[in-house]
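Here's the structure we're looking at; comments come further down.
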Amino acid sequence: MPQTFAEKILAQKAGLSHTTPGQIVEVTPNVALSHDNTAPIYGIFKKMGGKKVFNPDMHAIFLDHAAPAPSTKHAENHKIIRQFVHEQGIKHFYDVGRGISHQLMVEEGLALPGEIVLGSDSHTPHAGVMGAFGAGIGRSEMASIWALGKLWLRVPESLKIVVHGQLKPGVTAKDLALYVIGNLGNDGGLYLSVEWHGEAIQALSLSSRATLPNITAEMGAKNSYIPPDKVVFDYLEGRAKRPYTPVYPDANAVYARVVEYNADDIEPMIAAPHRVDNTRPLSEFAGTKIDQAFLGTCTNGRLEDLAAAAAVLQGRKVSP
Numbered sequence: 021m022p023q024t025f026a027e028k029i030l031a032q033k034a035g036l037s038h039t040t041p042g043q044i045v046e047v048t049p050n051v052a053l054s055h056d057n058t059a060p061i062y063g064i065f066k067k068m069g070g071k072k073v074f075n076p077d078m079h080a081i082f083l084d085h086a087a088p089a090p091s092t093k094h095a096e097n098h099k100i101i102r103q104f105v106h107e108q109g110i111k112h113f114y115d116v117g118r119g120i121s122h123q124l125m126v127e128e129g130l131a132l133p134g135e136i137v138l139g140s141d142s143h144t145p146h147a148g149v150m151g152a153f154g155a156g157i158g159r160s161e162m163a164s165i166w167a168l169g170k171l172w173l174r175v176p177e178s179l180k181i182v183v184h185g186q187l188k189p190g191v192t193a194k195d196l197a198l199y200v201i202g203n204l205g206n207d208g209g210l211y212l213s214v215e216w217h218g219e220a221i222q223a224l225s226l227s228s229r230a231t232l233p234n235i236t237a238e239m240g241a242k243n244s245y246i247p248p249d250k251v252v253f254d255y256l257e258g259r260a261k262r263p264y265t266p267v268y269p270d271a272n273a274v275y276a277r278v279v280e281y282n283a284d285d286i287e288p289m290i291a292a293p294h295r296v297d298n299t300r301p302l303s304e305f306a307g308t309k310i311d312q313a314f315l316g317t318c319t320n321g322r323l324e325d326l327a328a329a330a331a332v333l334q335g336r337k338v339s340p
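What follows is the structure in structure tokens.
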């Protein structure tokens, strides 16, 4: 039976020959990700009667949301987390200043092709840039994984997005993402496994690709996936924390929906207030005064993005 990426990887991890959308399966993630919310998760874990986490090496904890701690309460939470990490023998711990969890998952070789990453953060689909199944879960669900090492998931239907051609100079993966979200709506991927295909996707750098699975969380996606290729494998050479086996959808898999775009139709985009799907061409806002700008986030904020901003700002001064 031909299968999509989500159907195939969830079948493999559940020890089944195949799965169908809507089916409930029980899986053990390869990586369980949490961040500053580890402290409240720990509280839930203790109420469950938990004492030792299932397989400490499976867990990756990052202090990246309130960093450095902006209040005494946050500082106390960080202290609790550091103590918890030490007591549990969790080696994949990234303290304040190391970076954003989703990016570090890639850089540290923790998000790998053909694996499942479940995280207590909505942008966990970011792991799909490496060909992993990444999905956000709640705090009580993460506490359950700590205690039992497994979680049930409903197999999602799949949305296949195909982008033909090449993006024009000056048009970025973020523009593509906003264009798609504007077209499909902020619920256009609701509980769907979103797959990105086409020559325009393959031509993107790894940093640019990462924007796509990350931001599909903003259209309700359960997970988002880009088929891993040589770009990914070369990046993981000497970086991957363990051996991995990529998983690919079957060529004749059945999708809930297939949407195709021509990259040449896409221009620089902007999401205007107050919805992520309120997207329009940037040209419509020419001459608009900018009061404040921020470079960062887990959707972008990589060196490639900062370099692009620096190229624009070089030799210029802030307007008085």
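The opening position of the sequence shown corresponds to residue 21 in the numbering used here, with each subsequent residue numbered one higher.
C-beta: ideal position from N, C-alpha, C; glycine also.
Check	Outcome
Pro22: which of Ile286, Glu287, Leu212 and Ser178 sits nearest, CA to CA?	Ser178
How far does the alpha helix (DSSP H) with Ala230 in it reach, from first residue to last?	Leu226 to Ile235
Taking Leu130 and Ile165 to be in contact with their CB atoms under 8 Å, please state how far apart those CB atoms are, rounded to whole angstroms.	Their Cβ separation, rounded to whole angstroms, is 16 Å, which puts Leu130 and Ile165 out of contact at 8 Å.
Does DSSP put Asn90 in a helix, a strand or coil?	The question names Asn, but residue 90 is Pro in the sequence shown. Coil, per DSSP.
Is DSSP giving Arg300 helix, strand or coil here?	strand
Taking a contact to mean a Cβ-Cβ separation below 7 Å, would you say Ile235 touches Arg159 in this structure?	no
How long is the line joining the alpha carbons of Asp270 and Glu27, rounded to whole angstroms?	10 Å
How should Arg322 be labelled, buried or exposed, when 16 other C-beta atoms within 10 angstroms of its C-beta is the threshold for buried?	buried
Across which residues does DSSP place Tyr245 in a beta bridge pair?	Glu215
With DSSP run on the structure shown, which of helix, strand or coil describes Leu187?	coil
Pairing CB atoms from the region 205 to 218 with CB atoms from the region 317 to 337, are three or more of them under 8 Å?	no
Please return the same chain residues whose Cβ sits closer than 6 Å to the Cβ of Glu280, not counting the five positions on each side in sequence.	Val182
Give the straight-line distance between the Cα atoms of Ala167 and Met239, rounded to the nearest whole angstrom.	31 Å
Bridge partners for Ile44 per DSSP, in chain order?	Arg174
Along the alpha helix (DSSP H) that carries Tyr275, what are the first and last residues, could you check?	First-last for Tyr275: undefined, no H or E at that position.
Measuring alpha carbon to alpha carbon, tell me which residue in Gly151, Gly117, Ile290 and Thr144 is nearest Ile201.	Ile290
Of the choices Ala273, Ser244 and Phe65, whose alpha-carbon is the least far from that of Pro233?	Ser244
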